[in-house]
Every structure is written in structure tokens, then in C-alpha cells.
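Residue numbers (UniProt numbering): 1 to 997.
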Ligand code: GAL
């Protein structure tokens with residue numbers, strides 16, 4: 001079909017263009033349909049309903065089947081949670097707390113151990129993740145790169161790509177041939193989950209990330225066009241977009257060749273403002289200009305594919321003064337999120353993704369040089385999967401945007417001022433409904449109490465320092481009209497025969513809601529606090545917020561609303577976080593009380609609810625007419641009917657009496673019964689390295705120059721891409737040798753250790769790079785060791801171990817992931833010995849745990865990290881240790897857990913020691929590399945052990961590979977399990993396979 005190019009005016013009318021690819025498979029017929037846009041409710045939770053859907057947009061919002069949708073998304077990375085059952089846990093938490101979409105990067109390196117090899121099984125099962133998102137009712141924003149960044153090794157580029165020709169992130173044909181392989185593999189799965197086909201919920205798809213090189217040159221233009229066309233050719237028919245770093249206006253529609261498909265392309269940009277910043281106006285209503293954000297693309301909705309939901313921390317705790325992610329969560333707290341997110345909304349942003357909402361763990365060798373194992377990010381859901389108070393703003397705003405359609409189409413309205421002009425007020429209006437929205441922001445250091453007389457808001461309210469609030473006026477609440485409220489609307493639902501409107505305000509504040517009522521209504525209250533009066537057609541309800549929990553008021557009659565009563569519910573932040581709406585095929589239920597509602601199913605008069613509790617709680621449920629019974633996690637509850645139209649039940653915290661367990665019931669064992677063994681036999685002169693790879697190449701695709709005369713010692717050139725790498729050099733004519741200089745390159749916190757004829761020469765730690773060295777894209781240092789006199793050993797054997805840490809990311813499209821890792825040059829003083837080198841890194845990738853699980857330590861090559869390895873011949877060992885030795889020592893033990901099946905216990909491993917001790921530990925749980933602890937660098941001491949890999953009902957094998965510098969005594973010191981969180985409920989967790997030896 002011929003493409004029809006229509007012009008339509010942004011921010012203007014009721015016509016917009018739907019985009020959908022018709023046909024199936026790789027067929028590329030596209031249809032653009034013109035719709036008139038109804039102002040009805042946003043589409044409900046998406047499902048794989050086998051029906052065709054259109055995904056279009058105009059300047060205001062996305063249009064799904066012609067209906068406006070505000071996409072309120074949170075980011076999580078399946079590759080940072082290596083236990084597929086737990087994906088459902090996180091997704092359900094996101095859905096319950098107001099998100100209607102999840103955004104995911106797909107990391108090429110995670111799925112590809114080698115060219116032509118793509119693995120989407122087990123913890124890499126993208127199909128399962130997308131299915132789970134669909135089952136949870138979340139839309140998906142899929143972001144497979146090929147370059148992603150995300151603080152992963154090489155920015156997501158596979159290790160093997162570092163040893164290939166062709167400039168990455170350009171139209172270089174060799175690079176593109178690899179890219180096509182990856183996209184073919186990932187798109188084959190994505191195409192099975194497209195929302196347009198009713199087969200899943202993939203709604204948007206990103207190509208590249210923060211690509212700002214060669215914007216006006218063929219290298220970049222052709223690259224982006226190639227990606228666009230490739231993705232289309234693979235049958236992906238949803239709108240595509242790019243994430244522009246910092247609002248440059250790059251890759252806006254029309255800026256590159258999309259084969260004439262102007263309407264399949266969105267403009268998006270990201271923002272990670274500093275907590276000290278005044279929130280910028282970077283949406284449609286902003287100042288414009290090059291840094292104006294959405295103004296670069298007035299015909300597409302304001303779209304922030306990444307808004308900072310926290311920030312990452314670096315080795316040594318460099319970002320947060322050593323205080324770690326608790327500080328990230330503190331400095332970017334609920335008020336930070338509220339203030340910026342409301343500003344985004346006030347600027348016309350209607351496609352919004354919070355990066356990260358669950359950060360997770362950069363396990364194994366995933367972390368980029370910038371970060372350590374934990375990628376908690378200070379996100380709203382923490383690494384241990386606990387919900388934090390930071391969820392409050394998104395919970396309230398997400399449910400509002402989902403249930404009140406007015407927010408999908410807002411125009412700027414006449415400027416209004418607060419009586420106290422230090423407050424910034426944004427005034428918006430929905431041109432179709434006439435509702436008004438006020439975002440009121442306080443950029444000062446003190447709370448401000450004021451009114452907005454210009455808007456008729458003559459009741460005082462307070463905006464806390466560095467916070468913001470959202471008020472509405474003339475808003476339809478079911479059958480009634482809100483005049484205005486000094487509380488923020490959180491949702492408006494039809495539940496059974498009630499209209500329900502929820503309002504939130506800070507704890508303790510006196511809130512007012514004014515309703516237009518031509519006649520005096522009948523008002524009843526469910527709680528002692530609310531008061532009201534009726535005057536001149538206005539019902540004024542006044543209530544303190546959060547005192548004694550929720551405040552409930554029921555309004556009947558009043559000359560509007562027909563015979564549908566309106567229930568008003570008032571909550572503070574903690575109360576709102578325990579209020580969960582859930583749409584079922586036979587009606588909506590609203591649940592108050594538990595810490596989480598996962599699912600609700602209606603069956604006749606019974607509501608079957610599943611969810612989590614962390615303490616004894618009351619449960620209150622509103623639902624369809626006739627609802628009479630409740631089960632919670634499969635157990636019937638005794639209920640009573642309330643005058644507020646709900647059912648109430650108690651779920652007491654009596655030990656042993658489920659559904660509420662006592663938190664103290666989870667007991668973690670002490671870790672003892674250790675056995676230990678030293679390794680690094682590679683340093684022995686007569687060690688048999690005949691199976692190692694001769695390092696004799698003379699050319700490389702690396703960015704790092706090959707030393708004159710060679711040989712190439714770069715590990716990647718020999719197929720060793722992750723973790724530790726060993727070198728053995730046989731030196732002849734070395735009798736007069738005085739010293740050896742080893743130049744090497746690693747990511748942050750890399751190190752090098754050397755031995756000559758079995759004797760340690762010393763350890764060299766890579767200096768922490770400053771900004772100038774980072775910019776060069778390569779961190780290189782030279783270690784010079786004096787050599788002891790010859791022992792008669794001939795040839796002399798120089799053994800070198802390099803801990804490489806990570807490849808650089810390629811943020812500047814300069815091939816920086818190709819900066820060499822490992823030894824890069826060797827020189828000698830005294831004589832001129834000849835050297836013949838062999839190299840050994842990781843063995844074939846673990847088929848289950850993947851290419852990033854292991855490096856090349858002796859123990860790793862021999863499976864010392866795996867369950868079932870016969871350690872009984874190892875030495876019994878007591879912790880703490882105080883040994884002094886250069887090299888690697890392993891410790892192993894097993895422990896049993898017996899956590900009740902219906903308790904979700906989140907468990908961490910804690911390592912602690914005197915911070916002067918120079919050693920580091922790789923933590924293997926059941927053979928899975930759960931990360932790296934660097935005792936004298938930190939800041940991370942607690943390592944989250946994801947259930948599934950952790951057998952919560954069974955035996956676990958813990959193996960610690962300790963690499964000590966030899967300059968101090970070395971631990972491990974204190975090693976213990978720690979309970980990070982417990983709740984009754986959780987999701988069923990399948991054991992993650994952990995093949996042993
Ligand atoms: C963004 C980038 C993400 C991630 C983030 C910081 O600029 O797109 O991939 O690196 O910064 O965590």
C-alpha cells in the first residue's frame with residue numbers, strides 16, 4: 001500500500017494518525033488510519049487479546065486504538081535480576097504502584113557469547129519476560145540497542161565485538177553485519193509480542209541510545225536509517241524512537257531517512273537532573289531552542305525515555321561520598337521525584353519512563369568500569385525487591401493518569417500566580433473537558449503556605465521545601481464536578497455502584513474538597529475526622545489527612561450524579577501506598593491495607609486476592625455489587641460489611657497463623673564449616689601451559705597500538721573477554737635481567753600481579769582514572785618490578801595475572817570498547833631477553849550462567865565455584881582469616897535454608913573486614929557469580945542473593961575466590977547472611993538451574 005503522508009496539527013485537533021503494520025511476518029505493508037479521538041477513558045490494561053491494534057500519536061499523547069494513553073513507565077533490566085520468577089514480582093509491584101508500562105534494555109553481550117551465537121534461554125529468556133509483562137498487564141518499551149550503555153560492560157557490546165573490524169555505531173558494513181545478526185535474533189522474539197498484533201504488549205521500540213555522533217554525516221545518518229529499516233523489515237510495526245542525550249533535538253522526525261515513514265517515529269530525550277537543580281521546562285511548553293526537549297518535535301508527544309529515578313554509584317562510593325545507594329535514595333527522594341515528574345507533566349510530557357524503577361544487580365562481569373556490583377540506583381524498588389517510600393509520587397500520579405483521561409490532553413492556560421509568588425505555578429487545561437490543572441512548585445528551602453486567588457483557590461495549602469503539588473479544578477469525578485481541591489487527586493474509578501475518588505495530601509494537613517452540588521446532598525462519613533458544610537451550591541469537605549488512617553466520606557444526591565453515590569477517600573503518602581485499584585474482566589476492585597496487591601479475580605460473590613503483607617493489617621475491599629466474600633492468598637477471611645460500601649476483614653500478625661507470619665520466623669544460619677585451598681599454580685615454572693593459547697599475533701583491531709614488533713598480548717584478541725587473564729612468558733637470555741615493566745590496561749580497580757620463577761614480584765593496582773584518562777577511553781598503567789637474581793631456571797618464567805574488570809563503554813562512538821584489556825606491552829631492563837608468551841582466560845562460557853559468569857582463574861577453569869565440587873580434600877578453615885599471600889585462595893561452604901514457602905525472604909551476603917586489608921572476593925552462590933567485593937575500596941558490603949539462585953528451601957553452595965595483593969594481611973573477615981526483607985506472600989519461585997561438576 002502506498003504510504004499516505006498527512007499533515008496534522010499538533011496540539012490542535014481531534015484527528016490523529018494511527019500507525020500499524022498490516023499483514024503478518026515480515027510483510028511490510030503499512031496502513032495509516034485517521035481517527036477522531038474520543039475523550040473517553042484511557043484504554044484498560046493491555047492484554048494479548050489476538051486483536052489488531054493501532055498505535056498512533058499526535059502532539060499530545062500516544063493514541064492506542066485511537067484512544068489517548070499517557071504512558072507512565074518504569075525501567076527494569078531482566079539481565080540484572082537473574083531469576084526469571086522474580087521478574088513477575090517486580091513487574092507486579094510496578095503495576096500495583098501505578099506504572100502502566102515497563103521499559104527494558106536488552107543487552108547484546110548478555111545474549112551473545114560469540115558471533116552468530118544468540119542465547120535466549122534460562123535467565124536470558126526474553127520471550128518469558130515479555131510474556132510475564134503481558135500477563136501483568138504492562139505495556140513494554142523495548143530497547144535492544146544495539147548499543148545501550150546502561151553501565152554494562154562495553155555499553156552492551158559483546159566482548160567478541162572488540163576483536164572485529166569496522167567502526168561501531170556507524171554505517172560500517174562489517175559492524176552492520178553483526179548488528180543485523182543481533183537484531184534478527186532479538187526481533188524474532190519481539191515480533192511475537194507486538195501489541196499491534198494482539199500477541200503481547202510491546203508498544204514502543206528504541207533504536208540505538210544517546211547517539212550523538214555523526215548526526216549530520218552519512219556515517220551516522222545511514223546508520224540510523226539502516227537500523228530503522230532493519231527493524232521494520234523484521235516485522236516490528238510499533239512506533240520507533242531514539243533517546244537523545246540531554247535534549248539536543250537529535251534524531252527528531254524528518255532528520256534522517258525513515259523511508260518516508262514519518263509517522264512511525266517519535267522523538268525522545270532523557271534527563272537526570274541534579275537534586276540542586278530547578279526543574280527545567282523541557283517539554284512542549286518550555287522555552288524551546290536547542291535544549292528545549294520536546295519542542296524539537298511538536299508533532300509527537302512529549303517523551304522522556306529516561307528520567308532519573310536515582311543515579312549510579314562508583315567504586316569507592318565516589319558518587320555519594322561513600323554513603324552508597326541509601327544516599328541516592330535520600331538525595332533523590334519522593335519529593336525529588338514528585339517535583340520533577342510533576343514539572344514534566346506540566347510541560348506536556350505524556351510518555352515518561354523512570355530509569356531505574358528497579359535497578360537490580362550487575363552480577364558477574366556485567367558492570368561497566370563506572371559501577372560496582374550493586375545497581376540499586378536508589379530506585380523506588382530497591383535491589384532486595386523492597387518497596388520504598390519513593391514509590392509514593394509515581395503510585396499517586398500513575399493511577400491518576402490511568403484513571404482520569406483529562407491528563408492526556410493538556411494545553412497551557414492563562415498564567416496564574418500564587419499569592420506567595422515564590423511558588424511557581426503551571427496552569428494547564430484540557431480543551432475538551434474544561435478541567436484545570438495546577439502544578440505548584442516550591443524551589444525554596446522552606447515550606448510555603450499560600451493560596452492561588454487567580455484560580456479561585458482561596459483555601460490555604462502548603463508546599464514543602466523542594467517539593468511540588470498538583471491541584472485540579474472543574475474536574476469530573478464520576479457524575480459530579482469538583483470545584484477545586486487542596487488535595488491531589490489520585491484516582492477516579494467506578495467500583496460497583498459507587499464512584500470513588502481518592503485524594504492525597506501531606507500527613508497532618510487540613511485538606512479541602514469543594515464539590516458543585518445544585519442541591520444539598522446527603523453526606524455520611526466513615527471516620528471521625530471529616531467535616532462538611534453546604535453553601536451556595538457548593539459542598540465543602542474538610543478533613544485532616546492521615547490521622548487515624550484513611551478518611552472516608554460518602555455523598556448521595558446533590559442534584560448531580562444520578563443515583564450513583566460518590567465515595568471520597570483521603571490518604572497521606574503511606575496510606576495511598578496501601579490503596580490498590582485492580583481492573584478485572586467483571587469490574588474494578590479497590591483494596592486497602594496490605595503492602596501489595598498482586599492480583600484480584602472475581603468469582604461470583606467472592607474476590608480472590610493475592611498479595612503481600614509485612615505486618616498485621618486490616619483489609620478493606622470495594623468491588624462490584626453483591627461482593628460478599630474475600631480470600632487472601634487462597635485463604636477465606638471473615639468479613640463484615642461497612643457503611644462505606646466495602647467489606648472489611650482483619651489479617652492479624654499471629655505467629656504461625658497465616659496469612660501473616662511473624663517476621664522473626666525467618667532464621668538464617670551462621671556460615672561455618674569452611675574449607676579452603678590456595679591456587680595460582682600458573683606461577684610455578686614447571687606448570688604445564690601447553691594447552692594455553694600462544695600469544696603471537698602481530699595485528700589487532702584494538703584501539704590500543706600494538707607494540708612495535710609485537711606480539712599482541714591483548715586478551716580479547718585471543719577470545720578471552722571477561723574477568724581474569726593469565727600470561728606466562730618464557731624468557732631466554734635473561735641472566736642479566738634487572739627489572740621488568742608491564743604495561744596493562746583494565747577498567748577501574750583493575751590490577752596486575754606478577755611472579756618470576758614462582759616468586760612474587762608484586763601487585764600493581766590500576767590508578768583510579770581522572771577525567772582526562774577516562775576521556776582517552778583507555779586506562780593504562782605500567783608496573784615495574786625489580787627482578788631477583790637468576791636461580792638457574794631456564795628459560796625463566798614470568799607469570800602475570802591481570803584482573804581486567806571491564807571494557808569501556810563507547811559513549812562517544814569512538815570504538816572505546818576496543819581499548820585493549822590485559823597486558824599491552826612488556827619491556828625489560830638489563831640484557832635483552834627474548835620472550836615467548838602464552839595466554840589463558842576463561843574457558844568456554846557456562847551454557848546456563850552465560851558468558852559473563854566467569855573469568856580465567858584456575859579455580860574457575862576447574863569448576864571450584866560449582867556446586868558438587870569435591871572440596872572435602874581441602875583444608876578446614878575458620879573465618880576470619882589473616883593470611884598474607886599474593887594470589888588466589890578459595891573458600892567453600894554449604895548452608896541450608898528452610899524459609900516457609902509462603903514467605904518472601906530477601907537475603908543478602910555481608911562481607912566485613914578491616915578496610916586496610918588489600919583483597920577482593922568474587923562471590924559464587926551455587927556457581928553463579930553474584931559480584932565482587934573489594935575490601936579496601938568498597939563501598940558495597942551487602943550482596944543481594946536472588947531467590948531462585950538462592951535455594952530458600954534447600955542446600956546452597958557458597959564459594960569465595962579471594963584475590964589478595966600480598967601487601968597486607970588478607971581476609972575474608974566476617975562473612976554472614978543477612979535478612980533484607982520479609983513479607984508474607986511473594987511469587988512462586990522456580991529454582992534457577994545451577995549445574996555442578
Ligand atoms: C543515560 C543512559 C543510560 C544510563 C544512564 C545513567 O544517559 O541512556 O543507559 O547510562 O544514563 O544510569
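By construction, the Cβ of each residue, glycine as well, lies at the ideal position given by its N, Cα and C atoms.
With the cut-off set at 7 angstroms, would you say residue i and residue j are in Cβ contact?
{"i": "residue 133", "j": "residue 91", "result": "yes"}
{"i": "residue 240", "j": "residue 139", "result": "no"}
{"i": "residue 431", "j": "residue 411", "result": "yes"}
{"i": "residue 729", "j": "residue 684", "result": "no"}
{"i": "residue 610", "j": "residue 620", "result": "no"}
{"i": "residue 425", "j": "residue 437", "result": "no"}
{"i": "residue 805", "j": "residue 750", "result": "yes"}
{"i": "residue 623", "j": "residue 649", "result": "no"}
{"i": "residue 823", "j": "residue 744", "result": "yes"}
{"i": "residue 933", "j": "residue 944", "result": "no"}
{"i": "residue 1008", "j": "residue 931", "result": "The question about residue 1008 has no answer here: the residues shown for the chain are numbered 1 through 997."}
{"i": "residue 359", "j": "residue 81", "result": "no"}
{"i": "residue 107", "j": "residue 64", "result": "no"}
{"i": "residue 122", "j": "residue 853", "result": "no"}
{"i": "residue 798", "j": "residue 731", "result": "yes"}
{"i": "residue 1011", "j": "residue 149", "result": "No information on residue 1011 is available, as it lies outside the stretch 1 to 997 that the chain covers here."}
{"i": "residue 501", "j": "residue 453", "result": "no"}
With distances taken from CA atoms, which of the options is nearest residue i?
{"i": "residue 257", "options": "410, 226, 847", "result": "226"}
{"i": "residue 341", "options": "368, 331, 309, 328", "result": "309"}
{"i": "residue 723", "options": "780, 673, 858", "result": "858"}
{"i": "residue 353", "options": "141, 586, 693", "result": "141"}
{"i": "residue 254", "options": "266, 280, 504", "result": "266"}
{"i": "residue 368", "options": "883, 995, 937, 748", "result": "748"}
{"i": "residue 561", "options": "499, 511, 583", "result": "499"}
{"i": "residue 811", "options": "965, 170, 296, 46", "result": "170"}
{"i": "residue 830", "options": "49, 990, 949, 736", "result": "736"}
{"i": "residue 667", "options": "197, 56, 986, 977", "result": "977"}
{"i": "residue 670", "options": "421, 89, 911, 47", "result": "911"}
Excluding sequence positions up to five away, which residues of its chain have a Cβ less than 6 angstroms from the Cβ of residue i?
{"i": "residue 118", "result": "111, 112, 185"}
{"i": "residue 981", "result": "384, 386, 906"}
{"i": "residue 449", "result": "460, 462"}
{"i": "residue 527", "result": "551, 552"}
{"i": "residue 658", "result": "Here the model assigns residue 658 a pLDDT of 47, short of 50, so the residue's position is not dependable, and the following value carries that caveat. So no residue of the chain qualifies."}
{"i": "residue 637", "result": "630, 649"}
{"i": "residue 775", "result": "Confidence in residue 775 is poor, its pLDDT being 48 and thus under 50, which makes the residue's placement unreliable; the coordinate value appears in the next sentence. If we look at residue 775 and ignore the five residues flanking it on each side, it has no Cβ neighbours."}
{"i": "residue 996", "result": "866, 867, 868"}
Can you check whether the C-beta of residue i is within less than 7 angstroms of a C-beta belonging to chain C?
{"i": "residue 455", "result": "In the displayed structure, chain C is absent; only one protein chain is listed."}
So, for residue i: in the same chain, excluding its five sequence neighbours on each side, which residues have a beta-carbon less than 8 angstroms away from its beta-carbon?
{"i": "residue 26", "result": "Confidence at residue 26 is low in this model, with a pLDDT of 32, below 50, so its placement is unreliable and the value that follows should be read with caution. For residue 26, where only same-chain residues beyond five positions count, the Cβ hits under 8 angstroms are 233, 234, 235."}
{"i": "residue 882", "result": "969, 970, 971"}
Return the chain-ordered list of same chain residues with a C-beta closer than 7 angstroms to the C-beta of residue i, the five sequence neighbours on each side being excluded.
{"i": "residue 259", "result": "229"}
{"i": "residue 746", "result": "766, 779, 802, 803, 804, 805, 821"}
{"i": "residue 401", "result": "70, 72, 407"}
{"i": "residue 467", "result": "335, 338, 339, 442"}
{"i": "residue 701", "result": "163, 164, 165, 818"}
{"i": "residue 687", "result": "681"}
{"i": "residue 948", "result": "83, 85, 86, 989, 990, 991, 992"}
Cβ pair count under 8 angstroms reaching 3, the region 152-172 against the region 813-831: Yes, they touch.
Stretch-stretch touch, CB-based, cutoff 8 angstroms, three pairs: the region 880-900 with the region 639-653: no
Sufficient close CB pairs (3 or more, under 8 angstroms) joining the region 188-201 to the region 240-251: By the Cβ criterion, the region 188-201 is not in contact with the region 240-251, since fewer than three pairs of Cβ atoms, one from each stretch, lie closer than 8 angstroms.
Inter-stretch contact (C-beta, 8 angstroms, three-pair minimum) for the region 373-381 and the region 301-317: yes
Any 3 or more C-beta pairs closer than 8 angstroms across the region 690-697 and the region 709-722: yes
The region 944-953 contacting the region 862-876, beta-carbon criterion three pairs below 8 angstroms: no
Sequence ranges, alpha helix (DSSP H) only - wholly within the region 103-166, length at least 4: 108-111, 126-136
Three or more C-beta pairs below 8 angstroms linking the region 578-597 and the region 479-496: yes
The region 517-525 in contact with the region 570-587 per 3-pair CB rule at 8 angstroms: no
Whole alpha helix (DSSP H) elements within the region 548-600, 4-residue minimum: 573-576
Segments assigned beta strand (DSSP E), at least 3 residues, entirely inside the region 251-290: 265-271
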